[in-house]
Every structure is written in C-alpha cells, then in structure tokens.
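Residues in the sequence shown are numbered from 10 upward in steps of one, following our numbering.
Even for Gly, the Cβ is constructed at its ideal location relative to N, Cα and C.
To start, the structure itself, in structure tokens.
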Amino acid sequence: MLWLAGRIAWPLSAAAFCGVLWLGSQALMPVVIREAIDDGLVPGDMDAVLSWSAVLLGLGVVQAVSGTVRRRLNMYNSLSAGFRTVQLVVGHANTLGATLERRVDEGELVSVGTSDMNALGHAFDIVGRTVGAVISVVLVSVVLVRQSATLGMMLIVAVPAIVLTMGYTLRPLHRRQSAYRDLQGELTSRLTDVVAGLRVLRGIGGETPFARSYRERSQRVRAAGARVAGAEALIRAAQVLLPGLLVGTVTWIGARAALDGSVSPGELVAFYAYAAFLVEPLGIFTETADRFARAHVAARRVVTVLRMRPKAATEHADGPMGTLATALVDETTGLTITPGTFHVVVAPSAEGVRLADRLGGYDEAPVRHDGRLLTALAPDEVRRRILVVDNRPRLFRGPLRASLDPHATADDTAITAALRAAAAEDIVDLLPDGLDTDITADGRHFSGGQRQRLVLARALLADPDVLVVVDPTSAVDAHTEDLIGRRLRAARSGRTTVLVSSSPLLLNQADRVSFLSGGRVAAAGTHRELLAASEDYRLVIQRETGEAPPGPLPSTDLVTRGSAE
Numbered sequence: 010m011l012w013l014a015g016r017i018a019w020p021l022s023a024a025a026f027c028g029v030l031w032l033g034s035q036a037l038m039p040v041v042i043r044e045a046i047d048d049g050l051v052p053g054d055m056d057a058v059l060s061w062s063a064v065l066l067g068l069g070v071v072q073a074v075s076g077t078v079r080r081r082l083n084m085y086n087s088l089s090a091g092f093r094t095v096q097l098v099v100g101h102a103n104t105l106g107a108t109l110e111r112r113v114d115e116g117e118l119v120s121v122g123t124s125d126m127n128a129l130g131h132a133f134d135i136v137g138r139t140v141g142a143v144i145s146v147v148l149v150s151v152v153l154v155r156q157s158a159t160l161g162m163m164l165i166v167a168v169p170a171i172v173l174t175m176g177y178t179l180r181p182l183h184r185r186q187s188a189y190r191d192l193q194g195e196l197t198s199r200l201t202d203v204v205a206g207l208r209v210l211r212g213i214g215g216e217t218p219f220a221r222s223y224r225e226r227s228q229r230v231r232a233a234g235a236r237v238a239g240a241e242a243l244i245r246a247a248q249v250l251l252p253g254l255l256v257g258t259v260t261w262i263g264a265r266a267a268l269d270g271s272v273s274p275g276e277l278v279a280f281y282a283y284a285a286f287l288v289e290p291l292g293i294f295t296e297t298a299d300r301f302a303r304a305h306v307a308a309r310r311v312v313t314v315l316r317m318r319p320k321a322a323t324e325h326a327d328g329p330m331g332t333l334a335t336a337l338v339d340e341t342t343g344l345t346i347t348p349g350t351f352h353v354v355v356a357p358s359a360e361g362v363r364l365a366d367r368l369g370g371y372d373e374a375p376v377r378h379d380g381r382l383l384t385a386l387a388p389d390e391v392r393r394r395i396l397v398v399d400n401r402p403r404l405f406r407g408p409l410r411a412s413l414d415p416h417a418t419a420d421d422t423a424i425t426a427a428l429r430a431a432a433a434e435d436i437v438d439l440l441p442d443g444l445d446t447d448i449t450a451d452g453r454h455f456s457g458g459q460r461q462r463l464v465l466a467r468a469l470l471a472d473p474d475v476l477v478v479v480d481p482t483s484a485v486d487a488h489t490e491d492l493i494g495r496r497l498r499a500a501r502s503g504r505t506t507v508l509v510s511s512s513p514l515l516l517n518q519a520d521r522v523s524f525l526s527g528g529r530v531a532a533a534g535t536h537r538e539l540l541a542a543s544e545d546y547r548l549v550i551q552r553e554t555g556e557a558p559p560g561p562l563p564s565t566d567l568v569t570r571g572s573a574e
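Shown next, in the form of structure tokens:
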C-alpha cells in the first residue's frame, strides 16, 4: 500500500488538503454562530449579525467547493490504486510465465481483479476524509478547551477511547473477512472451471453433480458472508451508539453550564453544534478502520501472488544466447535436438508437457545449449528464440487478426501463408469479416481442431528459431492431420521444429523420432526404423491408430493414411 501511495502521492496529498478544508470549515461554523448570537442577536446589533452571516456563507462556499474537489480526487485515488494493483499483478503474472497456472488458481487472480482491487481502492478513497477528520477534531478540542476545560478534556479523552473501542470490535470482522475472502476465491475458481468445461460436462452428463457441488460451496460462502455481516452490524451499531453518547453528554454538560450562568447563550448553541458535528468525524474514523481492515486482507492476498518467483533462475543471466547452430540437450531424458531438424518425440502426455517446458526454459531442470543452461541465459531472448505451444489452444477476445498477430508486424500475405501451413485457411474463409472478425474469449465458437490450427498458425507467424509444439493435431481428422504434417515440415524447412506427438502421420514426416519410456530416451531413429526395431514403440503406435502392424515392417496404410491433399 505504501508503494501505491507513492505512485499517487500528489493527488493523495491534494485530497487530504481538501479534506482539511472541507471538515475544517464545518468545525469553524459553530464559532461563527456563537459570535453571531453573542455579539449580534443578544445586544441587537444587526450589522454584526450580517457580518458574521457573511463569514458563515464564506465557510459554506469553502466547504462546498473543497468537498466537490475532494470527492473527485478521492474517486481518482480509488480507481488509480485499484487498477494499478491489477496492472502490478498482471505484470508479475507475466514474469511467472507457464508456472503461474500450477501455483495460483484462476479464481484467485479473478478475485484480485474484482473484489481485492475494490477493497484497496476504497482504502485510498477515504484518506482525504480521514486527514480532515483528524485535523477538525484537534481544532474542535482546542476551541472547547478555551471555552470549557471540562468539555475540552472530556473530548480529548473520549475520542481516542471511542476509536480504540471501535478498533476492538474490528478484530472479529478482520478474521471473518479473511475466511470469507478465501472461500470466495475457491468459489470463483470452481465457477471458472465449470464455465471452461461446460461443453465437456454436457457431453458426459455431469451438469447436475457439478451444480450440486457449486451450490454447496456457494452456501458456505453465503454463511461466511452472513458472519461478516453480523460483525459489520455490530460495528455500525457502535458507530451510532458511541458518538450518540458523546453528543448527549456534551449537550447535558453545556445545558447545566448555561443554567449556572457560566456560559452564554451563544456558547450553549456552539456546544450543541460541536457535539452534533463530532458524529461525522467519529463515523469517518470507524469507516476508515473498516476499510483498512478489508484492504489489509486484500493486500495480503495480492502480496502472496507478488512474492512468487519464477522457478527458473533468471536473476543471473549469463549473456546473450548466440546462434542456435548447436544442439539442445535435455539432461533429464537424454534427448538431443539437432539444429534444423523436424524432430518428433513420442512420450506420455504429462511427460511431453514437462519436456516442452524444459526445452523452453520454463523449468529449472537442466537443458543445455552450447554447453550453457537455458535458465542461465537472458530469459527474454530465450522466449524470443524458443517458442513453446502447449496442448491447450487459446485465443483472445477481439479481431482474429490481433489474436494471430498480437504485435501487428505481419501483413496479409504472411498471415495467409501461416494459415495455409497450419491448414487453417478454410476457417478464415468461413468467417463473415475474415481476419477482422471479432471472436469470443478463447475462441469458444470454434471447434477444438479449429482452435488448434489457428494457434499453430500464430506460432508459425512468430517464426521462432526453435518451435516446440505439444499434440498439435490431437483434435483434427486424419486428412487435415496429414496436410498439417507435410505443410508444417515445408514451412519450417531449415529451422528446428520439435513436436510431441504419437500420430503416425506426423511421425512419418519426421527427420528423427525419439521414443521416451520411463522418463528417458529409450530409442531414436526414423519412424520406420523404430517400428521395425522397438516393440514398445510399435505398441504405442498401435494404440494411437487402433490397428496392429501386420509384421516386423510397417504397413503402408499405417504411415500414410489420409495422405491425399
């Protein structure tokens, strides 16, 4: 929060100054009323009444103008603090890269961008009023001490006592808000999971169990919210009761002093006006404590995300990466990627994803290039030179062109060539506005195979030195898969391409195939060589095609099915 305050120091200071003018002018009004009564009305001097009325009008104008400016500045501070928090979290999430999903739930990040940003913004919204309340209470205390030592000392003692009492009532609220925030994040995560997998749930008839689970979780959130509301109701009651007791006490003491003749009529009116005025700053103190308690809970969640560090040791980058004319070596599996080859790796799904992360420098496991660890090289350059596309194709809301070419550096010819290499030109042809068609978040109106092809086109358009793709054709038909295999090989000619796949149509296009078993490279060679030499490899391919190889050598149908373009 101190970092946020430093970023908006000037508007925050201006809001505090306006808050002092706003409440300070109100605090001076009882003094003006007292003088108007004692110097004007009591002796019958109308000129004095008019003069003090003009002063009162001036204070009212100052209050109105400063209150308007203060409110505008407070809104700016609130929105600025909230959105700067989101920007900070999103920027840090980018540095976490591929490890983010495994360390933070999606619902947690969504909650940071909704409830947490609002909680932090509301804390900065009230700063101006809080500063004004503190100054005005000090001003009123000084005035009352000069008029009545008893009232002034009572105020000096009573205000801190009320604030401390309100702080004590905030303790259970703080605990309950923290529990409520945790449950809210879990519920949001469940909701995003259900929405993302709605098509799958409908396919397997799982809507009812998930709806039941969501209702149960939402009821826990509702119960936690009710507990928060109970604590807030107690605070609101104390917020009315304690200042009310102070107002009644000040009025009673002032009335007794007036009956004794120790105070003038104007001073009696001023006592009551001050007592009524003190309700507002005391209410501000209570609201400030409430908002800062909420902001503390939110800030703790935000800091939890910000404290996460990338797993790769990128703090000590060991100079530029240099050319990729030397092999990439994954020491975990013993896999060697020769530069300029079309290399296909056959591996279990989870192991294939981990391999892709290692080859892209997203994991601390040792992968060497030219004898140096990828994690010891400049991370920005590694990301630029080695592109990893996992098996979860994702597109972004907005024009399709922007999703394929986010940096807006490619012309239509380059985009068309990338689409053709990914066998995705037919998808764009069917769109009403072609590349300028607005698509929904994650491209949900596309099928799974269409999303895979569009994401592959985006990767080809980036034209990295090393392209690593996990299961690029798992959701497309055999004919399209064969087109992708041959076109991808041609488009990436002379550059390094690594596919993690067990598709025979892609394996048949490979310069080299590596078979991973038990976390290590068990065999390597061409697709035909491995079919002839490795029984385990043949079994994996057999499960992929649903066909059994008829003999020791591969069948033509096995490796070339759907080859007609």
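Given residue i as reference, the closest of the options once Cα atoms are compared
{"i": "Pro375", "options": "Thr341, Leu396, Gly67", "result": "Thr341"}
{"i": "Gln228", "options": "Leu251, Tyr189, Glu241", "result": "Tyr189"}
{"i": "Gly137", "options": "Pro39, Arg155, Pro218, Pro290", "result": "Pro290"}
{"i": "Leu254", "options": "Asp339, Leu164, Asn127", "result": "Leu164"}
{"i": "Ala430", "options": "Leu409, Asp442, Val464", "result": "Val464"}
{"i": "Asp366", "options": "Asp399, Leu59, Thr350", "result": "Asp399"}
{"i": "Leu364", "options": "Leu344, Pro348, Arg81, Leu382", "result": "Leu344"}
{"i": "Leu192", "options": "Val230, Pro181, Arg224", "result": "Val230"}
Length of the line joining the Cα atoms of residue i and residue j
{"i": "Val152", "j": "Val98", "result": "48 angstroms"}
{"i": "Ile244", "j": "Asp47", "result": "40 angstroms"}
{"i": "Asp474", "j": "Ala484", "result": "26 angstroms"}
{"i": "Arg501", "j": "Val507", "result": "10 angstroms"}
{"i": "Ser150", "j": "Phe280", "result": "11 angstroms"}
{"i": "Arg537", "j": "Asn517", "result": "8 angstroms"}
{"i": "Leu396", "j": "Ala304", "result": "39 angstroms"}
{"i": "Leu548", "j": "Val478", "result": "23 angstroms"}
{"i": "Ser75", "j": "Thr297", "result": "20 angstroms"}
{"i": "Ala235", "j": "Leu173", "result": "25 angstroms"}
{"i": "Val154", "j": "Thr260", "result": "15 angstroms"}
{"i": "Trp19", "j": "Val95", "result": "21 angstroms"}
{"i": "Asp54", "j": "Arg79", "result": "37 angstroms"}
Contact check, residue i vs residue j, beta carbons under 9 angstroms
{"i": "Leu133", "j": "Ala14", "result": "Reading off the sequence, residue 133 comes out as Phe, not Leu. In contact: Phe133 and Ala14 (Cβ atoms closer than 9 angstroms)."}
{"i": "Val29", "j": "Ser145", "result": "yes"}
{"i": "Gln248", "j": "Gly275", "result": "no"}
{"i": "Val7", "j": "Val509", "result": "Absent from the model: residue 7. The displayed extent of the chain is 10 to 574, so no value can be given."}
{"i": "Leu337", "j": "Ala432", "result": "no"}
{"i": "Met84", "j": "Ala307", "result": "no"}
{"i": "Gly257", "j": "Leu148", "result": "no"}
{"i": "Arg7", "j": "Gly534", "result": "Nothing in the structure corresponds to residue 7, since the chain is present only between 10 and 574."}
{"i": "Asn86", "j": "Ala128", "result": "no"}
{"i": "Gly527", "j": "Leu514", "result": "no"}
{"i": "Leu470", "j": "Ile436", "result": "no"}
{"i": "Leu409", "j": "Leu440", "result": "yes"}
{"i": "Arg460", "j": "Arg403", "result": "yes"}
Neighbour-count burial assignment, residue i, 16 or more Cβ in a 10 Å radius
{"i": "Leu21", "result": "buried"}
{"i": "His352", "result": "buried"}
{"i": "Val121", "result": "buried"}
{"i": "Val311", "result": "buried"}
{"i": "Arg185", "result": "buried"}
{"i": "Thr418", "result": "exposed"}
{"i": "Arg529", "result": "exposed"}
{"i": "Leu378", "result": "Note that residue 378 is His in the sequence shown, not Leu. So His378 ends up on the buried side."}
{"i": "Asp545", "result": "exposed"}
{"i": "Arg462", "result": "buried"}
Where residue i falls: helix, strand or coil (DSSP)
{"i": "Asp414", "result": "coil"}
{"i": "Ser523", "result": "strand"}
{"i": "Asp372", "result": "coil"}
{"i": "Ala326", "result": "For Ala326, the predicted model reports a pLDDT of 48, less than 50, meaning its position is unreliable; a value from the coordinates is still stated below. In the structure shown, Ala326 sits in coil (DSSP, three-state: anything other than H, G, I, E or B)."}
{"i": "Asp435", "result": "helix"}
{"i": "Asp54", "result": "coil"}
{"i": "Asp399", "result": "coil"}
{"i": "Leu382", "result": "strand"}
{"i": "Asp442", "result": "coil"}
{"i": "Gly503", "result": "coil"}
{"i": "Val485", "result": "coil"}
{"i": "His352", "result": "strand"}
{"i": "Leu344", "result": "strand"}
{"i": "Leu562", "result": "Note that Leu562 scores a pLDDT of 41, beneath 50, so its modelled location is shaky and nothing firm can be said."}
{"i": "Ala531", "result": "strand"}
{"i": "Asp474", "result": "coil"}
{"i": "Gly361", "result": "helix"}
{"i": "Leu337", "result": "strand"}
CB contact below 9 angstroms: residue i versus chain D
{"i": "Ser62", "result": "Among the protein chains of the structure shown there is no chain D, as only one such chain exists."}
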